[in-house]
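In what follows, a single structure is set out as structure tokens and then discussed.
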Amino acid sequence: MLTNKVFMKKTKRGNILKIVREHYLRDDIWCGSEACKRCQFNEDEALLDETPESVSERFTFPHYLVLDTNVILYQMDLLEESAIRNVIVLNTVMDEVKHRSAVVYKRLRAILSNPARKFYTFVNEHHKDTYVERMPGESANDRNDRMIRIAADWYEKHLELSKKSRNGTVGIVLLSDDADNRTKATELGLNVCSVAEYMKAAKARYAHLVDKISQREVVSETKEPLFPSHLTLTQIDEGIKSGKVLQGAFLASRENYLEGYVRVENVEKAILIQGRLNLNRAVDGDVVAIEMLPESEWKAASDVVLVDDQNDPGDLVEPDPTFSVKPQAEREPTAKVVGIIKRKWRQYCGILLPSHIEGSLRHIFVPAERKIPRIRIETRQAATLMAQRIIVAIDQWPRHSRYPQGHFVRALGPIGSKETENEVILLEHDVPHNRFSEDVLACLPEVPWVITQEDMQRRVDLRGITICSVDPPGCTDIDDALHARRLPNGNIEVGVHIADVSHFIRPGNALDREAASRATTVYLVDKRIDMVPELLSSNLCSLRGGEERFAFSCIWELDEQANIKHTKYHKSVIKSKNALTYEEAQIIIDDPRQTNEVATSLRMLNKLAKILKRRRTENGALVLASPEIRFQVDSETHDPIEVKAKQLLETNSMVEEFMLLANVSVAEKIEREFPECAMLRRHPCPPQTNYEPLVKAAQHQGFEILTTSGKELATSLDNAIKPENPYFNTMLRILATRCMMQAVYFISGTLQRDEFFHYGLAAPIYTHFTSPIRRYADIIVHRLLAACIGADSTFPELLDKKINSNLCNNLNYRNRMAQYAGRASVALHTHLFFRNRSEDEQAYILFIRKNALQILVPKYGFEGTIYVTGKNNEEIKTGVRFVYDEEQQTQRCGKIVFKAFDPVTVRLSLDSTNVQHEKLVFELVEPYIQGFSVKPQGAPDAPDASDAPKRKSDQQPAKPKKSKKSK
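Every position in the sequence shown, counted from 1, becomes a number in this note's numbering once 153 is added.
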């Protein structure tokens, strides 16, 4: 059967076109039920059970569930439970879900692909009895709801069910969270209810599933609202057009739960939002509409750490605490949130707080991420979940509620266990870490894999050259190798050979899509989350010693002063002579007795690298620093057993220089060939305001740091030397690192040429080419370079600016999250290392704060805070008074004056009293202040250097508290 849709369309030239769309309808689309006696199909084709079990006591007869769109969009956590089976998903619903949420659609497809779940897709849009035309004046949503009701009614009749007596036969139950849809379905005589009604009548063994219901009921208007109402999207749109309303992403503060900022496009400085009512239910990441406050109401960012630590204050909003009043000159543009444009809610990890009402179902969930507000949920499993890390999703945040309302998703495991906490890190930083799917694994080459003669004909054979790799110890994803050899004309040939990952990952297949989504390999202390399957990352693409591998080679001819005379690129076959660690390579270079080809090559590379580095720094490249540490972990338990600061050798710098040179050379090549669509990497110059902490800190030490250019900054840092404090210059460079902007990927055709600049490297143009095993950006760059030299062909998506700009957004996001996840992993293992131990260590003051000293421990790279006053500047310990001098940036206690960069001794121990946020505690040991410091370990007493009176409690020493490589 065929139906036609006819409509007229006017062209730009004024012509009228008649458009006819044909829609085919059939009567032989089978229903998918084993209970059906009408449809003709093979027995092995039937999907829905003949006698499905009822989960709910509300409908005790066997039945199939038909779902409307909102149920799938908002109740997916429940639908993913294996108990929910024998479900009919209409293709009307499928299409609407696909249109409204790609994430939910992907989750739905995963369920549909599992035969055990008994989810059946019925193509109702092409069945003659279930298809309906849209009526005049009917909205698309209303027509879809009508289609769902008609399909449910058709199933009832098709299965020849009696309305009065079931007699063990199969029925249909329509689940809908739309009250109007339920009313109309009831008028048709259908069995219909909301998800909450269905699950609250669940059989005893399924009662726990009630916790997973998304709480989306309409809030009673009788409750007193606590927050201002939000503008509608239409009102927001009108406000933006008039200039009264601005929009941007809301960034909540980690230090103060009543504060945040909104980044508005084309506004350099983020706009401050302060106070509960001004925040108006915005959650970190939301795209919000804001309205600027009058200048008389502008505020300054709070300098007090403020945490919402109440158990459950109920739905009351107490007055905001009084923030310190700053001079008008220090106040910032301040706004209030007037509407939500797009929620960016996700699933959150955290813990439950015990309820003060025994037997209560309502509980407060505390997210692990401090920037997320507490969430109120209902659960019947509180006794079990109290000791667990759990995941919760936000459902709504009504005006009458102090906290957003949500529902329990699943438990992760015991609080404090390393496996659970690792899972929390990955989930909280949105790191894709599921096993690779069968579709992805099907794209891998068969093993054993061998290089064929046909492969050799398309590549340059470099197996006879002395090539070796230099990497961190234990590295298995070796993506680069080097060689250097003397040419007959006296110059030096240097080659950078990069794993040819793009040979194995073809554009558009499942493996390529997965790698693009993951974007980067994530390195935790005790594990690695690969971007590509292990067969590639640790085997076929890893340039292991003594094995033949495909590579993409960048080869230069250099003179003795490291000037480039000629550059060539080609796909190659190499055979690395050795896979060395940085330390092994350094030993070979430093040992004059070693004169073999590997040693000769390494010495030439090291000599040239020093020249390249000197030239870069002379051009203004920055040599920055960050406190990095390396854990030695137990081979069986993977617990940290030793920790030390990361030591950099000459060979680290040697490899880095040639990777940088390769990245610059390739960037120039691909941008020249593809000026509109080359994938590059830029590092924006920081605004001068970013440098204020660095400049002030140096001034107090008698040094002037110039920041008008990268070269001036580099020179200033080089000259800031204190012979009596060898760590002083490193600390300045750590501060300088924190002033920097984030480096990002971009597409060349989207920015002006002068915006390509990489500030940190002082490079006019830069990209990433050297690590395709662990970075998807490098795979794109390989494809572009291969097209440049005729080694591969282009394809439409490779040259599409819009597609690749969106790809860059994902790459930048994933890289940032991977960086944060790595830091969180270090923090976790730091806590594991200091459990049941404490140590006294040499440290330095990094910053002087109004109420604290910020401390850096060079041995471990740890940073921490020693609080010297409370929130309201009160004494932390009786009789010990610190005086803050804002002008001189000092803290004074009696005769002792603390300044930035002063050496101190601190005790490190772990405070495990807060199971949600274990923290490393820093306590002052030296200089010793009676009543404030702790005595050195093993020392009976210590000299008193303050004017503070002694207290009896101070006579006892404090007890310890219990509780990858980058190129």
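In this text, a Cβ means the ideal position worked out from N, Cα and C, and glycines have one as well.
- Query: Got a sec? Which residues, its chain only, sit under 6 angstroms from His836 by beta carbon, not counting five neighbours each side?
  - Reply: Translated into positions along the sequence shown, residue 836 becomes position 683. Around His836: Ala896, His911, Tyr912 and Gly913.
- What residues are listed by DSSP as bridge partners for Met445? Working through the sequence shown from its first residue, we reach residue 445 at position 292. Checking the DSSP bridge columns, you'll see Met445 partnered with Ala488.
- From the DSSP output, in three-state form, read off Cys621 for me. Against the sequence shown, residue 621 aligns to sequence position 468. Residue state, collapsed to three classes: strand.
- Query: By the 10 Å Cβ neighbour count, where 16 or more other Cβ atoms means buried, how is Met609 classified, buried or exposed?
  - Reply: Walking along the sequence shown from the start, residue 609 turns up at place 456. Label assigned to Met609: exposed.
- Same chain, Cβ closer than 7 angstroms to Val257, five either side skipped, listed in chain order: Position 104 of the sequence shown holds residue 257. Counting only Cβ-Cβ distances below 7 angstroms, and skipping sequence neighbours, we find Ile225, Leu226, Met229 and Val250.
- Item | Three-state secondary structure assigned by DSSP to Val1036 | One-based indexing of the sequence shown puts residue 1036 at position 883. Correct three-state label for Val1036: strand.
- Message: My output table needs one value for Ser1062: the three-state DSSP class, helix, strand or coil.
- Response: Within the sequence shown, numbered from 1, the residue matching residue 1062 stands at position 909. In the structure shown, Ser1062 adopts extended strand secondary structure according to DSSP, grouped into three states.
- Message: Can you tell me whether Asn749 is helix, strand or coil according to DSSP?
- Response: Counting from one through the sequence shown, the residue named residue 749 turns up at place 596. Of the three classes helix, strand and coil, the one that applies to Asn749 here is coil, per DSSP.
- Message: Buried or exposed for Phe1035, going by 16 or more other Cβ atoms inside 10 Å?
- Response: For the purposes of this step, residue 1035 is taken as the residue at position 882 of the sequence shown. Phe1035 is classed as buried because its beta carbon has at least 16 other beta carbons within 10 Å across all chains shown.
- Message: Taking the straight line between their C-alpha atoms, what separation do you get for Ala360 and Ala354?
- Response: Taking the first residue of the sequence shown as position 1, residue 360 is located at position 207. Taking the first residue of the sequence shown as position 1, residue 354 is located at position 201. Spanning the two alpha carbons is a distance of roughly 8 angstroms.
- Message: In the DSSP assignment, the alpha helix (DSSP H) including Glu826 goes from what residue to what residue?
- Response: The residue labelled residue 826 in the question sits at position 673 within the sequence shown. In the DSSP assignment, Glu826 falls within the alpha helix (DSSP H) that extends over Glu803 to Glu826.
- Kindly indicate which three-state DSSP category Tyr414 falls into: helix, strand or coil? Translated into the one-based positions of the sequence shown, residue 414 becomes position 261. Strand at Tyr414.
- Item | Buried versus exposed call for Pro1096 [16 or more other C-beta atoms within 10 Å across all chains shown] | Looking up residue 1096 in the sequence shown gives position 943. Residue confidence is low: Pro1096 scores 46 on pLDDT, short of 50, so the model does not pin down where it sits. Its coordinate-derived value is still stated next. Under a 10 Å Cβ-count criterion, Pro1096 is classified as exposed, with fewer than 16 other Cβ atoms of the shown protein chains found around its own Cβ.
- Could you name the residues of the same chain whose beta carbon sits closer than 7 angstroms to that of Ser991, not counting the 5 residues immediately before and after it, in chain order? The residue you call residue 991 lines up with position 838 of the sequence shown. Exclusion of the five residues before and after Ser991 leaves Arg1060, Leu1061, Ser1062 and Pro1113 as the residues of its chain whose Cβ lies within less than 7 angstroms of its Cβ.
- Look at the Cβ atom of Leu404, then the Cβ atom of Asp437, and state whether they are nearer than 8 angstroms. Your numbering for residue 404 matches position 251 in the sequence shown. Your numbering for residue 437 matches position 284 in the sequence shown. Yes.
- Item | Candidates Leu847, Ala564, His279 and Ile727: closest to Glu175 by CA position | Taking the sequence shown and counting its residues from 1, the one referred to as residue 175 is at position 22. Checked all of Leu847, Ala564, His279 and Ile727; the closest Cα to Glu175 is His279.
- Item | Spatially closest choice to Gly975 from Ile578, Arg697 and Ile708, by CA coordinates | As a working mapping, residue 975 is identified with position 822 in the sequence shown. Put simply, of Ile578, Arg697 and Ile708 the residue whose alpha carbon is nearest the alpha carbon of Gly975 is Ile578.
- Task: Could you tell me which residues DSSP puts in a beta bridge with Ser209?
- Result: On the sequence shown, residue 209 is found 56 positions in, with the first residue counted as 1. Partner(s): Ala355.
- Query: Do three or more CB pairs link the segment 662-675 to the segment 707-725 at distances below 8 angstroms?
  - Reply: Output reads no: the segment 707-725 does not touch the segment 662-675.
- Query: From the DSSP output, which residues share a beta bridge with Tyr217?
  - Reply: Along the sequence shown, one-based indexing puts residue 217 at 64. DSSP lists Ile325 as partners of Tyr217.
- Message: Which of the three DSSP states is assigned to Arg533 in this structure?
- Response: Within the sequence shown, the letter at position 380 stands for residue 533. The answer is coil: DSSP assigns Arg533 none of H, G, I, E or B.
- Item | Rounded straight-line distance, which links the Cα of Leu343 to that of Tyr177 | Along the sequence shown, read from residue 1 onward, the residue named residue 177 stands at position 24. Along the sequence shown, read from residue 1 onward, the residue named residue 343 stands at position 190. Rounded to the nearest whole angstrom, the CA to CA distance from Tyr177 to Leu343 is 28 angstroms.
- Task: Could you tell me if Asp592 is buried or exposed, where buried requires 16 or more neighbouring beta carbons within 10 angstroms of its beta carbon?
- Result: Counting from one through the sequence shown, the residue named residue 592 turns up at place 439. Using a 10 angstroms sphere on the CB of Asp592, the tally of other CB atoms stays under 16, which defines it as exposed.
- 8 angstroms CB neighbourhood of Thr532 in its chain, flanking five on each side removed: Mapped onto the sequence shown, residue 532 falls at position 379. Shown here for Thr532: same chain residues with a beta carbon closer than 8 angstroms to its own, the five before and five after excluded, namely Asp364, Leu505, Leu514, His516, Leu538 and Phe561 in chain order.
- Segment limits, alpha helix (DSSP H) that includes Thr222: The count along the sequence shown starts at 1 and reaches residue 222 at position 69. Start and end: Thr222 to Tyr227.
- Task: Identify the continuous alpha helix (DSSP H) that holds Gly863 and give its terminal residues.
- Result: Taking the sequence shown and counting its residues from 1, the one referred to as residue 863 is at position 710. Gly863 to Asn872 is the span of the alpha helix (DSSP H), which, as asked, contains Gly863.
- Would you call the CB atoms of Ala188 and Val323 closer than 8 angstroms? In the sequence shown, residue 188 corresponds to position 35, counting from 1. In the sequence shown, residue 323 corresponds to position 170, counting from 1. Contact: yes.
- Does DSSP put Gly902 in a helix, in a strand, or in coil? Locating residue 902 in the sequence shown gives position 749, where the first residue counts as 1. It is helical.
- Item | Three-state secondary structure (DSSP) of Val420 | Within the sequence shown, numbered from 1, the residue matching residue 420 stands at position 267. Annotated three-state conformation of Val420 is coil, per DSSP.
- Message: I'd like to know whether the C-beta atoms of Lys1048 and His853 end up nearer to each other than 8 angstroms.
- Response: Counting from one through the sequence shown, the residue named residue 1048 turns up at place 895. Counting from one through the sequence shown, the residue named residue 853 turns up at place 700. Going by C-beta atoms, Lys1048 is not nearer than 8 angstroms to His853.
- Where does Ser706 sit, in a helix, a strand or coil, going by DSSP? In the sequence shown, residue 706 corresponds to position 553, counting from 1. Looking at Ser706 - three-state DSSP - the assignment turns out to be strand.
- Query: Under the DSSP definition of a beta bridge, which residues are partnered with Glu511?
  - Reply: Here residue 511 corresponds to residue number 358 of the sequence shown, with the count starting at 1. Assignment of beta-bridge partners to Glu511 by DSSP yields no partner.
- the segment 726-737 / the segment 757-776 touching (three or more Cβ pairs under 8 angstroms): In short, these stretches do not touch, since the Cβ pair count stays below three.
- Item | Three-state secondary structure assigned by DSSP to Lys728 | If you number the sequence shown from 1, residue 728 lands on position 575. Of the three classes helix, strand and coil, the one that applies to Lys728 here is strand, per DSSP.
- Query: Name the DSSP beta bridge partners of Pro1056, please?
  - Reply: By one-based count along the sequence shown, residue 1056 stands at place 903. Per DSSP, Tyr997.
- Message: Bridge partners for Arg834 per DSSP, in chain order?
- Response: Locating residue 834 in the sequence shown gives position 681, where the first residue counts as 1. BP columns for Arg834 point to Tyr898.
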